[in-house]
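Numbering of the sequence shown is given in the numbering used here, commencing with residue 43 and proceeding in unit increments. Yeah, the Cβ is synthetic: ideal placement off N, Cα and C, and Gly gets one too. Predicted, not measured: the structure shown is a model, and the values here were computed from it. Here the structure comes first, spelled out in structure tokens, and everything after it is commentary.
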Amino acid sequence: MPTFILIHGAFHGGWCWEHVVPLLEAAGHRAIAPNLPGMGGDPTPLNQVTLARTGDFVANLVRLQPEPVILAGHSLGGLAISEAAERAPDHIAGLVYVTALLAPSGASSRDFHDPSRQGESAVRAADRVADTFESALAPDLFYNSCDTTEVDRAIARLTPQPVAPLNEPVTVTPERFGRVRRAYIECIDDHAIPLARQRQMQAALPCDPVFTMTADHSPFLCAPDELTKHLIAAAAAMTRM
43 MPTFILIHGA FHGGWCWEHV VPLLEAAGHR AIAPNLPGMG GDPTPLNQVT LARTGDFVAN
103 LVRLQPEPVI LAGHSLGGLA ISEAAERAPD HIAGLVYVTA LLAPSGASSR DFHDPSRQGE
163 SAVRAADRVA DTFESALAPD LFYNSCDTTE VDRAIARLTP QPVAPLNEPV TVTPERFGRV
223 RRAYIECIDD HAIPLARQRQ MQAALPCDPV FTMTADHSPF LCAPDELTKH LIAAAAAMTR
283 M
């Protein structure tokens, strides 16, 4: 059974998968949820974090596994798994985008921002190196379907987000990234990456299979059992001969 490597998004850490990891393990999978460089307590200086470095980190972790893995990314983590697939396509059995950025080569996360939406004011620049999240906006933007206990615990663990991975374009090619199968788990009630944007990205870079959840931007907190079911189904579909 394939190993899952679960990549978090902006402002979060590997902790956000804490409900999903034991569910995958109970189903017989290994599951790894690392902190990306500079995130979730990782000591990498924020001014040294780039999208390329993040892609290298994920690709190196993938290469350490004995068999090709299922690599899942949430939100901004979608760019990290795309970069990793470009670097190590033969070590990845499939990519799963969990309400995540799925961008063509040359696009960055900034290309998907809508300045007319409230969410764009949720981030205030702390300096030129990292952004700090405005925690008062987190319940509606990230956790609008979560119970208050989960919301409070999550907000307490948010950390500054290095700016470079937000601004730098992803670099992928059809020959490498393009040969890795990919699935998408879309979330209907996501206020951070609305469903229309999720489907716009899928139209540009089609995924198969696609699963739909009635969940917010954080399905690993509000619906971990259903998310785990879809992750396992995606893995089965993408590894089926």
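Reduced DSSP category for ASP173 - H, G, I as helix; E, B as strand; rest coil: strand
Beta-carbon within less than 7 Å of ARG239's beta-carbon, same chain only, minus the 5 sequence neighbours each way: which residues are those? Answer for ARG239: PHE154, listed in chain order.
Just the Cα atoms here: how many angstroms apart are ALA178 and ARG195? 13 Å
Only counting the same chain, and skipping five residues up and downstream in sequence, which positions put a Cβ closer than 7 Å to that of THR92? ALA206, PRO207, GLU210
Let me know the secondary structure DSSP gives HIS116 once reduced to three states. strand
Suppose contacts are defined by Cβ-Cβ distances below 8 Å. Is ASN253 in contact with ALA276 by that definition? First, the residue type needs correcting, since residue 253 is Phe and not Asn in the sequence shown. One thing to note: PHE253 has its Cβ within 8 Å of the Cβ of ALA276.
DSSP state of ILE230, grouped into three classes? coil
Report yes or no: do the region 104 to 117 and the region 131 to 140 share at least 3 C-beta pairs separated by less than 8 Å? yes
Pair every Cβ in the region 230 to 237 with every Cβ in the region 181 to 195, then say whether three or more of these pairs are closer than 8 Å. yes
Cβ shell of PRO266 (< 7 Å), same chain only, five flanking positions each side left out: HIS61, VAL62, LEU65
Cα-Cα separation, ARG282 to PRO251: 12 Å
If you measure from the beta carbon of ALA75 to each beta carbon in chain B, is any gap under 8 Å? Here there is only one protein chain, and chain B is not present.
Where THR270 falls, given that 16 or more other Cβ within 10 Å makes a residue buried: buried
Using CA atoms only, rank isn't needed, just tell me which of THR256, VAL104, ALA135, ALA180 is closest to ILE274. ALA135
By alpha-carbon positions, which one of LEU144, VAL171, GLY70, THR45 ends up nearest to PRO110? THR45
GLY286 and GLY55 look like a contact to me (Cβ under 8 Å); what is the Cβ gap, rounded to whole Å? The first residue shown for the chain is 43 and the last is 283, placing residue 286 beyond what the model contains.
Host alpha helix (DSSP H) of GLY97 (start-end): Judged by DSSP secondary structure, GLY97 falls within the alpha helix (DSSP H) whose first and last residues are 93 to 105.
VAL212, DSSP secondary structure in three states: Of the three classes helix, strand and coil, the one that applies to VAL212 here is coil, per DSSP.
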